[in-house]
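Quick notes on the structure that follows.
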Amino acid sequence: MLPLLAVAWRAEDWGGLRASDWGALRFTLWQAALSAALSVALAVPVARALARRAFPGRGAVVLLLGAPFILPTIVAVLGLVAVFGRSGWLGALGVEADIYGAHGVILAHVFFNMPLAVRLLLQGWSAIPGERLRLAASLGFRARDTFRLLEWPMLRAVAPGVFLVIFLICTTSFAVALALGGGPRSTTVELAIYEAFRFDFDLGRAALLAALQLAIGVAAAILTLRVALPSGFGAGLDRTVPRWDSGGWLRWQDAGAVALALLFLLAPMLAVLAEGALYLHALPASVWWAALRSLLIALVAAVLTAALALPMALAVARGRAWVEVVGTLAVTASPLVLGVGLYVLILPLANPVRLALPVTAAVNVLLSVPSALRALVPAVRDLDAGYGRLSASLGLRGWTWLRLVALPRLRRPLGYAMGLAAALAAGDLGVIALFARPGDATLPLALYQLMGSYRMGEAKAAALILVALSLGLFWLFERGGRARA
Amino acid sequence: MKTAIATGLTLIATSASAETLTVYAPDYFASEWGPGPAIAEAFAAETGATLEYVTGDLLPRLRLEGDATEADVVIGLATDTMQAARETGLFAPHGVDLSGLTLPVEWTDDTFLPFNWSHTAFVYDTTKLDAAPESFEALRNAPDDLRIVVQDPRASVSGLALGLWIDEVFGDEAEAVWADLADNIVTVTKGWSEAYGMFTEGEADMVLSFTTSPAYHIIAEGDDTKRAAIFPEGHYVMVETAAQVAGTDQPELAQRFMDFVLSPAFQRIIPEGNWSFPAAQAGDLPEGFEQLDLPETALLLTPEEAEARRAAVVAAFEAGLGR
Chain C
64 MLPLLAVAWR AEDWGGLRAS DWGALRFTLW QAALSAALSV ALAVPVARAL
114 ARRAFPGRGA VVLLLGAPFI LPTIVAVLGL VAVFGRSGWL GALGVEADIY
164 GAHGVILAHV FFNMPLAVRL LLQGWSAIPG ERLRLAASLG FRARDTFRLL
214 EWPMLRAVAP GVFLVIFLIC TTSFAVALAL GGGPRSTTVE LAIYEAFRFD
264 FDLGRAALLA ALQLAIGVAA AILTLRVALP SGFGAGLDRT VPRWDSGGWL
314 RWQDAGAVAL ALLFLLAPML AVLAEGALYL HALPASVWWA ALRSLLIALV
364 AAVLTAALAL PMALAVARGR AWVEVVGTLA VTASPLVLGV GLYVLILPLA
414 NPVRLALPVT AAVNVLLSVP SALRALVPAV RDLDAGYGRL SASLGLRGWT
464 WLRLVALPRL RRPLGYAMGL AAALAAGDLG VIALFARPGD ATLPLALYQL
514 MGSYRMGEAK AAALILVALS LGLFWLFERG GRARA
Chain D
74 MKTAIATGLT LIATSASAET LTVYAPDYFA SEWGPGPAIA EAFAAETGAT
124 LEYVTGDLLP RLRLEGDATE ADVVIGLATD TMQAARETGL FAPHGVDLSG
174 LTLPVEWTDD TFLPFNWSHT AFVYDTTKLD AAPESFEALR NAPDDLRIVV
224 QDPRASVSGL ALGLWIDEVF GDEAEAVWAD LADNIVTVTK GWSEAYGMFT
274 EGEADMVLSF TTSPAYHIIA EGDDTKRAAI FPEGHYVMVE TAAQVAGTDQ
324 PELAQRFMDF VLSPAFQRII PEGNWSFPAA QAGDLPEGFE QLDLPETALL
374 LTPEEAEARR AAVVAAFEAG LGR
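What follows is the structure in structure tokens.
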């Protein structure tokens, strides 16, 4: 909120919104709703398949599914174009696909966010205690029964939150909407904010639009909180149970869901990154230094996200729902207004340019908290429901409780949250592009600089390093989260 | 970061009384692949002073900072945003003799000093397009299968230049021209990089860029398949300028930098550093530049006019493409 207020405070006059701003609002809302609904709907069969199948390479599949979410917009757009574009692979197969227009925007948003939905839903699935599944097996449940009695209640608890997070992420979209939207019909609120800032320097309008964006978030959050119901699973011993109820053709259904998802998500990335490999040798040392800078930002963001999200999740689980609302709304904050606001706030105190790297980390922590809460809150709720009384009777409190009870139980969602924060921070361009010194370039910024200097091949090589770096970080944190589980 | 510190230390070590001039510049300019580093080196060789580039969106940033700005000099403000920059009241006269300028348009401004220029143009790939449209009117009436990518006039300086170009050539018809182009415009991007990337990936036959863009492909890649389509109606010119900040605490050094801008040492770096034309001729252009297709007529609005017409230009774009 503070950065938004800072921008509002610096505004000189308040001209109000334009007619075109309302058109932007309409487009923003319906494309975000549709993108989020499609992402979640498509993610359900994939997450379900991953939840009930053990197969070689499953870990790698789950890891790779995380990749699109951290790709810089421009790389993702080029990847989608390489597959779905006029001269793309689909075209070569004789399929007439037109990627430009509102459907292109939605395609890109699903590409970005479906993996996130899969991951978050998978968290929900793995939160169903193994004991429950064993009981269901002994009662002779079929796949349908399992879905109705165990999986559906879980989805009812988790899916609305996942929808909300993706909806909010899509409302702040702007570069994707521009690149694939085909023209001014696909104007989003975030573009209107950029325009107000870039050429008009109308901070009043920028602040109003940002407030509008925030209001959408509040409305969506209230709506979702009403829909979401607690799942009410008991505590279990966290063991994965081989599934008994989905043999035969369901096996093929699951295999198909995973294969299609992989094809959809990996083909665009392969199209871009494979070419990047040819240019790796041509990258100057400065790009590697930029990679190191991005790595540091990612690590700092991961640690701070955990430090911030864990107490928030504990507060939410103990009944302070407003903490969750605040945490979720952070993602609605316009990244541009956030950056400008922080700039205005820091300006009287220090030279913001020298703080570009810490500010980048801080902004990414804010943007990662909602996803972290999504993963942590259900786990903390189950923890309290399952172990709260035992802990209380043993007098476990504070640090001891955290170390002996909470951390071992929360390690998995926490590792996931940190991995996501790290990956996002490594791939973020946002704030650093607003104010930086050339010597402070991060990897995404270096990538844009290469593209801005006609060097597409090297830019793709930088993208390759970026993906490797982000996925590597994600994998390490996740693995740490799963160790000894 | 360490390299930056290390370079900083060596520079301090080599000249004990090293002065530093803070230069606000666009990202492309100051990046390793832009002209910035070579210019800093040449300036240091001449004066012993260090240039420290600070990058970002120049105009919004200057407006945010106002008198508190740390900039001593600003480089990279395009003509179309000059008026807004002038209205900040932050700049001092450049005090440089303009007789050496080799711009295709007349230049008399005493605050903003041009340092490079290029014509806005549609660049195409000769292997994909047999014959480019021979006029803007022909482009307007081109068959639907000619695909072009442009930049958004609301988000980018080059997109705004296209808007002003259409406005200058077609006047009241601007909205209808956008509507005619709608079938050909594959998509509109936030900035030049996205659009040019889509073009080189083969997604479009033409891209809004500059007459000098093919020079990069010819010189750096030995590829002469990229050419600019030349329109007899004339091409809108993009001129980038430098200006000194009135409130600088190093007026002398800032002035030395302004004097340096039109000198051969600076201007020689422009063609292959910025892939554009130098504002003052510094000897022969690099081989490859003579191969470029260039228009006979150069169009440019005064900064006041450009600023005054911006709202109408954006409205014509929105209405023409929004249909």
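Each protein sequence line maps, in turn, to chains C and D. Every number in my numbering is 63 more than the matching position in the first sequence, counting from 1. Every number in my numbering is 73 more than the matching position in the second sequence, counting from 1. Don't be surprised by glycine CBs; every beta carbon is placed ideally from N, CA and C.
In this structure, Pro441/C places its C-beta atom within 9 Å of the C-beta atom of Val221/C. Assigned with DSSP and collapsed to three states, Ser83/C falls in helix.
Boundaries of the alpha helix (DSSP H) harbouring Asn347/D: Ile343 to Asn347, taken from the DSSP string. Residue state for Phe188/D is assigned as strand, using DSSP reduced to three classes. Put simply, the CB of Pro133/D is near chain C, with a gap under 9 Å to one of its CB atoms. Looking at the DSSP output, Gln317/D shares a beta bridge with Val146/D and Ala165/D. Residues of the same chain with a CB within less than 6 Å of the CB of Glu210/D, apart from the 5 flanking positions on each side, do not exist. Put simply, the CB of Asp297/D is far from chain C, with every gap to its CB atoms at 9 Å or more. Leu513/C places its beta carbon 9 Å or farther from that of Leu492/C. Counting C-beta pairs with one atom in each stretch, the segment 374–381 of chain D and the segment 211–223 of chain D have fewer than three that are closer than 8 Å, which means they do not touch. The beta-carbon separation of Arg341/D and Ala352/D, rounded to 12 Å, does not stay under the 8 Å limit for a contact. For Glu179/D, DSSP assigns no beta-bridge partner whatsoever.
The residue from Gly395/D, Ala392/D and Val387/D with its alpha-carbon nearest to that of Leu235/D is Val387/D.
Using a Cβ-Cβ cut-off of 9 Å, Phe237/C counts as an interface residue toward chain D, since at least one Cβ of chain D sits closer than that to its own.
A Cβ-Cβ contact shorter than 9 Å links Ala396/C with Leu429/C. Listed in chain order, the positions of the segment 261–273 of chain D with a beta carbon within less than 9 Å of a beta carbon of chain C are Val261, Thr262, Lys263, Gly264, Trp265, Ser266, Glu267, Ala268, Tyr269, Gly270, Met271 and Thr273.
The alpha-carbon separation between Leu176/D and Trp190/D amounts to approximately 7 Å. Secondary-structure assignment with DSSP links Ile221/D through a beta bridge to Ile258/D and Met279/D. Of the other Cβ atoms in all chains shown, 16 or more fall within 10 Å of the Cβ of His192/D; this residue is therefore buried.
Thr128/D and Asp100/D do touch by the CB rule: their CB atoms are close to 5 Å apart, below 8 Å.
Residue state for Pro374/C is assigned as helix, using DSSP reduced to three classes. Residue state for Thr287/C is assigned as helix, using DSSP reduced to three classes. At a cut-off of 9 Å, the C-beta of Asp130/D has a neighbouring C-beta in chain C. Bridge partners of Ala348/C according to DSSP: none are assigned. Apart from sequence neighbours up to five positions away, the residues of its chain that approach Val386/C with a beta-carbon distance below 7 Å are Met375, Ala378 and Val379, ordered along the chain.
Interface criterion not met: the Cβ of Thr193/D is under 9 Å from no Cβ in chain C. By the CB criterion at 9 Å, Phe362/D and Pro344/D fall inside the cutoff. DSSP, reduced to helix, strand and coil, places Arg500/C outside both helices and strands of the structure shown, so it counts as coil.
When the alpha-carbon of Arg116/C is set against those of Pro421/C, Val225/C and Gln316/C, the nearest one is in Gln316/C. The Cβ atoms of Asp366/D and Ile292/D lie no closer than 9 Å to each other. Assigned with DSSP and collapsed to three states, Lys263/D falls in coil, not helix or strand. Following the DSSP letters along the chain, one finds Ala302/D in no alpha helix (DSSP H) but inside the beta strand (DSSP E) bounded by residues Lys299 to Ala302.
The continuous stretches of beta strand (DSSP E) do not include Gly245/C, and DSSP gives it neither H nor E. Chain D has a Cβ within less than 9 Å of the Cβ of Ile137/C.
Contact between Val280/D and Phe195/D holds: CB atoms are separated by about 7 Å, below the 8 Å threshold. Contact annotation: Leu137/D and Val96/D have beta-carbon atoms that are not nearer than 9 Å.
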